[in-house]
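Protein chains in written order, with our numbering: chain A, 441 to 874; chain B, 441 to 874.
Backbone N, C-alpha and C fix where the C-beta goes; we use that ideal spot for every residue, glycine too.
These numbers were taken from a predicted model, which means no experiment stands behind them.
Number of protein chains: 2
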Amino acid sequence: MILKDLHQMADASRRAAWALAASDLNIRNAALLAMARKLNAHQEKIFAANAADVADATAANLAAPLLHRLKFREEKLAAVTAGLEALAQLPDPIGQTTIARELTEGLTMYRVACPIGVIGVIFESRPDALVQIASLALKSGNAVLLKGGREALRTNAVLCDCLREAAAEVGLPADFAQLLTTREDVAAMLREDELIDLIIPRGSNEFVRYIMDNSRIPVLGHADGICHVYVDKAADIDMAVSIAVDSKTQNVAVCNAMETLLVHRDISEAYLQKLLPAMQTKKVRLLGDENVRAIIPVEPADEADWATEYLDYTLSIRVVDDLDAAIEHINHYGSGHTDCIVTSDTSAAKAFLTRVDSAGVYHNVSTRFADGFVYGFGAEVGIATGKIHARGPMGLEGLTTYKYKLLGSGQLMAEMKSGARHYTHKLLNEECPL
Amino acid sequence: MILKDLHQMADASRRAAWALAASDLNIRNAALLAMARKLNAHQEKIFAANAADVADATAANLAAPLLHRLKFREEKLAAVTAGLEALAQLPDPIGQTTIARELTEGLTMYRVACPIGVIGVIFESRPDALVQIASLALKSGNAVLLKGGREALRTNAVLCDCLREAAAEVGLPADFAQLLTTREDVAAMLREDELIDLIIPRGSNEFVRYIMDNSRIPVLGHADGICHVYVDKAADIDMAVSIAVDSKTQNVAVCNAMETLLVHRDISEAYLQKLLPAMQTKKVRLLGDENVRAIIPVEPADEADWATEYLDYTLSIRVVDDLDAAIEHINHYGSGHTDCIVTSDTSAAKAFLTRVDSAGVYHNVSTRFADGFVYGFGAEVGIATGKIHARGPMGLEGLTTYKYKLLGSGQLMAEMKSGARHYTHKLLNEECPL
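Next up, the structure:
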């Protein structure tokens, strides 16, 4: 394989992005349906490439959960093509007018949603993620440079070719999606701040920091989830036990699983006595501070535990003096992902939801609900743990920006300054005609 | 003066931000009105501090336009206090529900606007900017670390003290606004990525790049404006002359002034013959490519001119073969700020507005209209030249993000997976009750 120069690739992405920004929704939707057909038509080739990837990964002794994520067979193909068809049904994320205002007679300003442009996405060894990300990008008029896990290299190459062919078939630029294959490609991509508008890295905190430290391109980090459940003194104890068990154990390997449980001092004895057997049934290893250990027999938790994302059947527990202490703990140790209060006290819930500085703030519901599909966004590019641009589960809207279109008839600033014209600033309820 | 440790200052900002995020709109508005009163009450002290700053700047031979921006007397005080009173009338930028959706029976998701948190703003030697930025931050529930130009140090210190006292008087934390005084403070601020959510640097491209290269904190750059006017072959020549003159000369020292004029080949002779005397009247130095110089006597423009922000009575002119070439030129050399097409051809206008990749894309109107006040946003923190989060003139909305509040009654993911519950995904038209 001859490696293309990354700068040339980024330039091709930029040109593809301009074509996509000017494309009709019907064409973009036709491309999505063509992608589904193309993937089905080439399924033997995809499965063969994937079998080779899986064989190598098995020989290299890849951990079972990762191997499971790497496998791409009939079931995942069906899910991916169903996703493409559903995406084709969604309304156009670009082109809507979000503000229309007459500035002065004969001059109207429209704020219109438009694509971001060229987006670099670095994702884990899950080939279905490639299709999801590329299709969301195309639907929203963006071009993507994609770097997947190296274990999935062959599968990703075949999948990306299918998507590119489908786009070309309906007259859109194949270069809307291009695959990067090496770490050197990623390093080179991070330097292309004149051509690339946004980097979305999915991975560990350390990885996201590495990206931020090595690029001027804006980064929407999708990093750790150190999620908390706080059991308030006014909690329903049974509900608080079941929410804690679900948040911790329904799937331990995901970013919206609970890592630390906080319990109000006044309810700690009654609650922890009930929690212990429930967590034992699920074989969860429990760690606690000394107040917890005075009530139930668990291993000691130290300072490092409060900042650890276990992604495993392990839970740290801390007794707190009051709601303020719980909020303080979460804002200090948390990752701004998703945190829950269990309480029947509405004012405590309101204080928690207002003051906890996280993308998801929950009252009486498992943290596992933090997900783009669950929120009704159709699909997600990832879960943003920063606060700029997009926060939390990031769907099509997160892949858009806007521009201001001003339609005039010769208006000059000199006329405004002289008083020959004046500002009317009249809000209008209309779409931009251009 | 004892310099406070920047980390302690950032930590104090963070705590102030949490208090502000939970504050009532009436209290924030009361603070704005108290600020106006406080500034009026302390005007002698402000003017004295400013006189000292101006004396030093005069002695240091500061350029006249900069000296003019530095001066803070009755007229600017009146403008600033009027701005505070107007800001107090604007609706709350935080707290509104922008999506409400039932996820499953008894569980509702609300997306609610909230402050970003702690924002570092680095601005030029214009003391009124300090009041504008700090007041916009407080209205939107954010804390700010402010670094102004060193020429305005004494004025800024008195102004900031007034704003802090006013906030404290109504019960909000004085530390919502803190003043940085040295470059070392700025360097230290850039390292506080755990405490600071956003940096807004206003200044040159080089300065914004320096900030981006030296911080993990997201940056909303407010950099160069290389704005273009493109005179299409179907332009009204008189309108195209007056728009070019206004865009270039109404105020040459601002980022929304035109720097390069592009002219369609077919209209170039007739247009340039009319443009020349109009620009000569305004004493504009003209540079052109060889096609321009074949028509009117101007100095030669070279490659560097297309990428230069003159901020002066200088204009580079280029003849282009067609609309595509104009768009290509703008997307290549422009800074994504504001670009205008003059034409009576609607389809050419539509292509230009869709394909030019800038925050402001104008049809038949001077580029000088790119401004937050002109757009009806009340005030602006700056004009963002990137595409992420906020683009173009950035008002209160740019200082907000959102969080997802989920209000449940014990819902578990295990119930969704088992089919005991199902997703309803019903859009609701209601505000979040908590």
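- Cβ neighbours of T689(A) within its own chain (closer than 6 Å, five residues either side excluded): K722.
- The C-beta of Y844(A) comes closer than 8 Å to at least one C-beta of chain B.
- Comparing alpha carbon positions, the residue from A526(A), G560(A), L479(A) and L547(A) closest to L603(A) is L479(A).
- Under DSSP, R642(B) shares a beta bridge with H662(B).
- Non-local beta-carbon contacts of A528(A) in its own chain, meaning distances under 6 Å to residues more than five positions away in sequence, involve N469, L472 and L473 in chain order.
- Counting along the chain, the unbroken alpha helix (DSSP H) around S708(A) starts and ends at R705 to T721.
- When C-beta distances to chain B are compared with 7 Å, the residues of the stretch 653-684 of chain A below that value are D653, R656, P658, M679, S682 and I683, in chain order.
- A straight line joining the alpha-carbon of A518(B) with that of K579(B) spans about 20 Å.
- C-alpha of D493(B) to C-alpha of K843(B): approximately 43 Å in a straight line.
- Using beta-carbon distances, M449(A) does not count as an interface residue toward chain B, since no partner is under 8 Å.
- By the criterion of a C-beta distance shorter than 8 Å, E525(B) is surrounded in its chain by L472, L473 and A476, once the five residues flanking it on both sides are discounted.
- DSSP places S756(A) in the uninterrupted beta strand (DSSP E) bounded by T754 to V760.
- DSSP places P567(B) inside the alpha helix (DSSP H), whose first and last residues are P567 to K579.
- When the beta-carbon positions are compared, A461(B) and R795(A) come within less than 8 Å of each other.
- If you check the CB distance, A674(B) and A788(B) come in under 8 Å.
- Neighbours of I556(A) in chain B, taken as residues whose beta carbon is under 9 Å from its own, are K827 and I828 in chain order.
- For D637(A), the nearest CB of chain B lies under 8 Å from its own CB, placing it at the interface with that chain.
- N596(A) sits away from L635(A), with the two beta carbons spaced by 8 Å or more.
- The stretch 854-868 of chain B makes contact with the stretch 532-541 of chain B; the number of CB pairs closer than 8 Å reaches 3 or more.
- For S784(A), the closest of Y802(A), N731(A) and L576(A) by C-alpha to C-alpha distance is Y802(A).
- The beta carbon of R705(B) sits closer than 6 Å to those of V759 and D761, all from its chain and outside the five residues before and after it, given in chain order.
- Ranked by Cα distance from P533(A), the options A522(A), H769(A), G523(A) and I556(A) are led by I556(A).
- Take the alpha-carbon of G588(B) and the one of L507(B): they are about 15 Å apart.
- With the rule of 3 Cβ pairs closer than 8 Å, the stretch 716-735 of chain B counts as touching the stretch 688-702 of chain B.
- Cα atoms of S565(A) and L846(A): separation of roughly 45 Å, rounded to the nearest angstrom.
- The beta carbons of S806(A) and I666(A) sit no closer together than 8 Å.
- DSSP places Q851(B) in the strand class (E or B) of the three-state scheme.
- At a C-beta separation below 7 Å, T537(B) has no neighbours in chain A, since its nearest C-beta there lies roughly 12 Å away.
- In this structure, the CA atom of A607(B) is about 43 Å from the CA atom of T748(B).
- Secondary structure note for R795(B): its alpha helix (DSSP H) is the uninterrupted segment T786 to R795.
- Looking only at C600(B), Y650(B), L716(B) and E739(B), the smallest Cα-Cα distance to R623(B) is reached by Y650(B).
- Under the Cβ criterion of 8 Å, W746(B) is not counted among the residues facing chain A.
- Bounds of the beta strand (DSSP E) holding L727(B) are R725 to G728.
- Residue-level contact check: F512(A) does not touch chain B, since none of the beta carbons of chain B fall below 8 Å from its beta carbon.
- Rounded to whole angstroms, L619(B) and Q572(A) show a C-alpha spacing of 46 Å.
- Look at the beta carbons and you see the stretch 675-684 of chain A not touching the stretch 646-663 of chain A: under three pairs across the two are nearer than 8 Å.
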